[in-house]
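K.L.:
Using my numbering, you'd call the opening residue of the sequence shown number 76 and step up by one each time. Glycine included, each C-beta is placed from N, C-alpha and C at the ideal position. As the structure is a prediction and not an experimental result, all values here were calculated from the model. This is the structure I have questions about; it appears just below.
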Amino acid sequence: SDCLSMPSDGLWAHPLLALVRPEALVGRLKAGDRRPLHVQFAEMEHSVMLEEPSMLRNLNTPEDLE
Numbered sequence: 076s077d078c079l080s081m082p083s084d085g086l087w088a089h090p091l092l093a094l095v096r097p098e099a100l101v102g103r104l105k106a107g108d109r110r111p112l113h114v115q116f117a118e119m120e121h122s123v124m125l126e127e128p129s130m131l132r133n134l135n136t137p138e139d140l141e
């Protein structure tokens, strides 16, 4: 029944793999909430799925993150 379920490897959250119930987020956006999604997600009812780090591999290079 949570609005958001996001996997984590214990160090990093992986929001691109998250299950987000859009009605909760759309309501916030329509109300004018323009804060970063990670801030909004932290306030929503949510579950964190702890996964083995080898299951969640980041393919970005350090240059991608600059």
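Given a cut-off of 9 Å, decide if E120 and L79 are closer than it, judged by their beta-carbon atoms.
P.N.:
Residue mapping note: residue 79 aligns to position 4 of the sequence shown, counting from 1. Residue mapping note: residue 120 aligns to position 45 of the sequence shown, counting from 1. Yes, the Cβ-Cβ distance between L79 and E120 is below 9 Å.
K.L.:
Would you mind reading off the limits of the beta strand (DSSP E) that contains L104?
P.N.:
Here residue 104 corresponds to residue number 29 of the sequence shown, with the count starting at 1. Counting along the chain, L104 falls outside any beta strand (DSSP E), though it belongs to the alpha helix (DSSP H) covering P97 to K105.
K.L.:
So S83 and L140 are in contact, right, with Cβ under 8 Å, and what is the actual spacing, rounded?
P.N.:
Translated into the one-based positions of the sequence shown, residue 83 becomes position 8. Translated into the one-based positions of the sequence shown, residue 140 becomes position 65. No, S83 and L140 are not in contact; Cβ-Cβ is about 18 Å, not under 8 Å.
K.L.:
Inspect the beta-carbon positions of L112 and L100 and report whether they are closer than 9 Å.
P.N.:
Working through the sequence shown from its first residue, we reach residue 112 at position 37. Working through the sequence shown from its first residue, we reach residue 100 at position 25. Contact: yes.
K.L.:
Can you tell which of K105, L86 and R110 has its C-alpha closest to the C-alpha of S129?
P.N.:
Counting from one through the sequence shown, the residue named residue 129 turns up at place 54. The shortest Cα separation from S129 among K105, L86 and R110 belongs to L86.
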